[in-house]
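In the numbering used here, the protein residues as written are 29 to 613.
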């Protein structure tokens with residue numbers, strides 16, 4: 029029976045989930061004795077976890093794909109039925125991982141299972157009606173990885189096989205092409221080639237910034253500093269190491285301790301801070317605050333460290349030591365809409381300056397979770413205030429019911445890069461809990477001369493500076509806009525006799541604040557040009573007799589364009605590109 033097809037995104041989810049089941053049957057066919065764990069759909073595809081009788085390699089994947097195509101072409105129905113917990117335990121008695129999942133369910137639970145071909149799976153569904161709805165030329169198995177059962181390193185290590193599935197072969201091709209381009213743009217590869225940074229194998233998750241990489245870092249940081257100061261923030265700095273007592277009062281010691289680095293001194297425990305919020309409340313509490321002091325905006329380039337598992341680290345995108353463009357706004361409830369709207373406008377403007385289209389920003393509005401603090405009336409006001417702020421900032425959003433923090437609702441902002449990939453960066457969260465009397469006890473004197481607790485807005489525009497720079501590297505494939513380029517100009521003489529003019533040009537540009545170098549090494553001109561092309565320098569200025577006589581420069585743009593300009597006109601040209609933060613050369 030043909031049901032009405034759901035919208036495309038839901039349809040694709042059905043296809044991917046169903047393809048995961050087909051893969052599981054193929055693996056069980058090819059690897060007798062294998063045990064199955066779980067196999068969900070995920071962004072761009074699916075995976076399934078197995079306990080296999082032997083190690084699997086990438087060379088095995090084509091054979092699994094061939095078996096999957098046989099199963100797809102068998103046109104088997106996906107048949108759902110409901111069974112009791114006892115029946116499910118009997119059906120899966122030879123599958124230890126499924127049995128464990130079933131045993132976690134209540135005795136009275138009605139459990140759904142799906143049969144397709146010879147494969148029976150414990151599954152909520154839904155699925156396509158028949159394997160003929162899976163295009164046999166629109167999927168590909170991508171890679172294998174190790175995965176602990178239930179994410180617990182004390183449990184068995186399973187083999188995870190990842191795949192991607194699409195409705196049409198052209199969609200698969202476009203996705204694979206995007207992955208190939210993303211591989212070329214991998215920030216880890218480009219960071220080495222451009223001499224930006226390195227990460228030592230003996231010290232994973234910690235970054236050694238080289239000169240050019242640190243220049244980019246400072247350019248990003250100073251840009252943010254300029255913007256937040258203009259927006260009324262006080263910049264502060266809080267200790268990197270703070271005592272157990274503070275983290276206990278904030279609640280982090282109980283809820284976040286496993287992610288914190290702990291140290292002991294003089295028989296007292298301290299933690300390297302994983303976040304900046306408690307420190308900002310400690311600053312707020314210094315001196316008596318009046319309602320006239322609100323909103324009080326505090327910002328910090330806060331150095332944080334988190335004990336992330338080494339297997340989860342990824343270049344500079346996910347590290348252990350990082351700096352947040354962190355900020356907290358202490359305000360009244362009535363000020364929430366205007367402060368959130370003000371932050372949203374700042375965030376959109378900043379993303380635009382970095383070359384991201386603010387109209388493509390995806391906003392997720394996460395509402396009250398089941399486990400939360402505070403009464404419903406307070407949550408009603410907080411959620412209404414966030415919705416009002418989005419309206420004022422002209423932001424469309426998707427509601428994510430139940431995904432808010434336990435202390436308040438939040439907005440999350442996702443960028444779309446040059447390859448169409450999504451990166452969650454900015455956030456603003458409403459917090460009634462941390463400043464409360466029960467936690468860190470922040471207070472201000474209201475118009476009624478009584479003590480009141482401020483609302484605390486946690487906000488970050490970029491998130492981690494390290495991760496954001498990784499996003500920039502990949503978005504621009506290492507070819508930064510002029511204002512962010514660590515090396516903006518190189519001057520190359522056509523022969524040693526023009527070294528003096530090359531230095532004169534470089535001095536003129538340097539005096540105008542341009543990052544420039546005159547390459548007067550002994551290499552030949554063409555070798556110098558090739559070398560600096562590798563560093564993706566925006567402008568190479570070639571100078572010889574004609575240029576020296578006319579006080580001009582022959583400009584070789586990174587894009588390949590060439591033109592002759594007077595030195596003065598080039599200085600004005602690049603100054604305009606930098607001041608306007610132009611993305612174009």
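Glycine included, C-beta positions come from ideal geometry on N, C-alpha and C. Bear in mind the structure is a predicted one, so any value in this text is a computation, not a measurement.
Looking at residue 269: is its Cβ nearer than 8 Å to the Cβ of residue 300? It is a contact, given that the beta carbons lie within the stated cut-off.
Do the stretch 498-508 and the stretch 214-234 meet, that is, are 3 or more Cβ pairs less than 8 Å apart? Result yes; three or more Cβ-Cβ pairs closer than 8 Å.
Rounded to whole angstroms, what's the CA-CA distance from residue 193 to residue 397? Just pull it up for me. Going by the C-alpha atoms only, they are around 32 Å apart.
Please classify residue 605: is it buried, with 16 or more other beta-carbons within 10 angstroms of its beta-carbon, or exposed? Residue 605 comes out buried.
In or out: residue 510 buried (at least 16 other Cβ within 10 Å) or exposed? Classification of residue 510: buried, given that the 10 Å Cβ count is 16 or more.
Beta-carbon spacing of residue 590, residue 488 below 8 Å: Not a contact, by the Cβ cut-off of 8 Å.
Could you tell me if residue 197 is buried or exposed, where buried requires 16 or more neighbouring beta carbons within 10 angstroms of its beta carbon? Exposed, by the Cβ-count rule.
What are the start and end residues of the alpha helix (DSSP H) that includes residue 254? Residues 239-258.
Helix, strand or coil for residue 393 per DSSP? The three-state secondary structure of residue 393, taken from DSSP, is strand.
Is the separation between the beta-carbon of residue 417 and that of residue 372 shorter than 8 Å? Yes; because the gap between Cβ atoms is below 8 Å, this pair is in contact.
Residue 521 bridges to which residues according to DSSP? Beta-bridge annotation (DSSP): residue 521 is paired with 571.
Taking 7 Å as the limit between beta carbons, can you name the residues of its chain near residue 255, skipping five residues before and five after? Result list for residue 255: 374, 378, in chain order.
Just to confirm, is the Cβ distance from residue 124 to residue 63 under 8 Å? Yes, the Cβ-Cβ distance between residue 124 and residue 63 is below 8 Å.
Identify every residue that forms a DSSP beta bridge with residue 192. Partner(s): 73, 168.
Residue 345 by DSSP, collapsed to three states: which one? Residue 345 sits in coil when the DSSP states are folded into three classes, being neither helix nor strand.
Measure the alpha-carbon distance for residue 387 versus residue 71 and round it to whole angstroms. Each residue's Cα considered, the two are about 22 Å apart.
So is residue 38 buried or exposed if we call it buried at 16+ other beta carbons inside 10 Å? Residue 38 is exposed by the Cβ-count criterion.
Beta strand (DSSP E) runs contained entirely in the stretch 401-479, provided each spans 3 or more residues: Runs of the beta strand (DSSP E) inside the stretch 401-479: 426-428, 438-444, 450-459.
Applying the criterion that 16 or more other CB atoms from any shown protein chain within 10 Å of the CB defines a buried residue, is residue 174 buried or exposed? By the 16-neighbour rule on beta-carbons within 10 angstroms, residue 174 is exposed.
I need the straight-line Cα distance from residue 617 to residue 181, nearest angstrom please. Residue 617 is absent from the structure shown; the chain starts at 29 and stops at 613.
Any beta strand (DSSP E) of 3 or more consecutive residues that is wholly inside the stretch 94-173: The qualifying runs are 107-111, 139-144, 147-150.
Own chain, CB closer than 6 Å to residue 243, minus 5 neighbours either side, in chain order: Same-chain partners within the cutoff: 514.
For residue 303, three-class secondary structure by DSSP: Three-state result, residue 303: coil.
Alpha-carbon spacing of residue 250 relative to residue 543, whole angstroms: In this model, residue 250 and residue 543 are separated by some 16 Å (Cα to Cα).
Considering only heavy atoms of the ligand COA, does any lie closer than 7 Å to the CB of residue 314? Ligands displayed in this structure: none; no statement on the ligand COA is therefore possible.
Let's test the definition: count the other Cβ atoms within 10 Å of the Cβ of residue 339 and tell me whether it reaches 16, buried, or not, exposed. By the neighbour-count rule (16 or more Cβ atoms within 10 Å), residue 339 is not buried but exposed.
Buried or exposed by the 16-neighbour rule on C-beta atoms within 10 Å, applied to residue 33: Any reading at residue 33 must be qualified, since the residue scores a pLDDT of 31, below 50, and its modelled position is unreliable; no value is offered.
Nearest candidate by alpha-carbon position, reference residue 259, set 324, 304, 225: Here the closest residue by C-alpha is 324.
Nearest candidate by alpha-carbon position, reference residue 42, set 265, 600, 151: Residue 151 is the option with its Cα nearest to residue 42.
So residue 606 is in the alpha helix (DSSP H); what residue range does that whole segment cover? From DSSP, the alpha helix (DSSP H) with residue 606 extends over 595-607.
Using alpha carbons as the reference points, say which of 479, 291, 354, 459 lies closest to residue 335. Looking at the Cα atoms, 291 is the closest of the given residues.
By alpha-carbon positions, which one of 546, 40, 516 ends up nearest to residue 524? Closest by alpha carbon: 546.
Per-residue DSSP class, three states only, for residue 223: Residue 223 falls in the coil class under three-state DSSP.
In whole angstroms, what is the alpha-carbon distance linking residue 395 and residue 414? Taking the straight line joining both Cα atoms gives about 10 Å.
Taking 8 Å as the cut-off, does the stretch 105-113 touch the stretch 50-63 (at least 3 CB pairs, one atom from each stretch)? The stretch 50-63 is not in contact with the stretch 105-113.
Would a C-beta distance cut-off of 8 Å place residue 599 and residue 534 closer than the cut-off? Pairing residue 599 with residue 534 gives a Cβ-Cβ distance that is not under 8 Å.
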